[in-house]
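If you use my numbering, the sequence shown corresponds to residues 853 to 956, in order.
Reviewing the structure listed below.
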Amino acid sequence: MWRRVKNNLDSGIDKIKWFSSVLAERMKVEFSVIKLLQEREKKEKDRAEKMRLVGERVFELRNHSEKNAYKDKAISEAIVELERLDAEIEEIKKKASEMSNIEG
853 MWRRVKNNLD SGIDKIKWFS SVLAERMKVE FSVIKLLQER EKKEKDRAEK MRLVGERVFE
913 LRNHSEKNAY KDKAISEAIV ELERLDAEIE EIKKKASEMS NIEG
């Protein structure tokens with residue numbers, strides 16, 4: 853009888869250890885996804901700020917018909933930065949999606 857109780861107890865302990873290791877790994881993944889989503893949010897705020905700057909600069913140039921907005925240095929630099937941020941945001945979204953779909 854004691855042998856049976858000990859075997860059941862050992863089996864229960866093994867299941868608890870397995871569950872806790874699976875839970876710990878999943879928590880690591882979830883925290884990594886949260887960090888990526890925070891990074892994405894920061895980049896989206898940076899992107900919104902660049903868009904605001906482009907809009908302000910275009911508005912400033914509205915009365916200068918001799919000046920092409922795309923040739924303006926501030927606007928062209930902001931557009932390059934926006935393209936870079938868009939690529940980074942997409943990469944972060946892809947990583948977060950891949951990480952959240954991992955199954956243990």
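A virtual CB, placed ideally from N, CA and C, is assigned to each residue, including glycine.
**Prompt:** Which residues in the same chain have their Cβ closer than 7 Å to the Cβ of Arg909, if we skip the five residues on either side of it in sequence?
**Reply:** Asp924, Ala926, Ile927
Suppose you measure from the CA of Met879 to the CA of Ile886; what does that come to, to the nearest Å? 10 Å
Taking the beta carbon of Ala930 as the centre, do at least 16 other beta carbons fall within 10 Å, making it buried, or is it exposed?
buried
Cut-off 7 Å between Cβ atoms - residues of its own chain near Glu793, not counting five sequence neighbours on either side: Outside the shown range of the chain (853 to 956) lies residue 793, about which nothing can therefore be said.
(message) With distance defined between alpha-carbon atoms, name the residue in Glu882, Leu861, Glu935, Ile868 nearest to Glu950.
(response) Glu882
- Specify the secondary structure class of Asn860 as computed by DSSP and reduced to three states. helix
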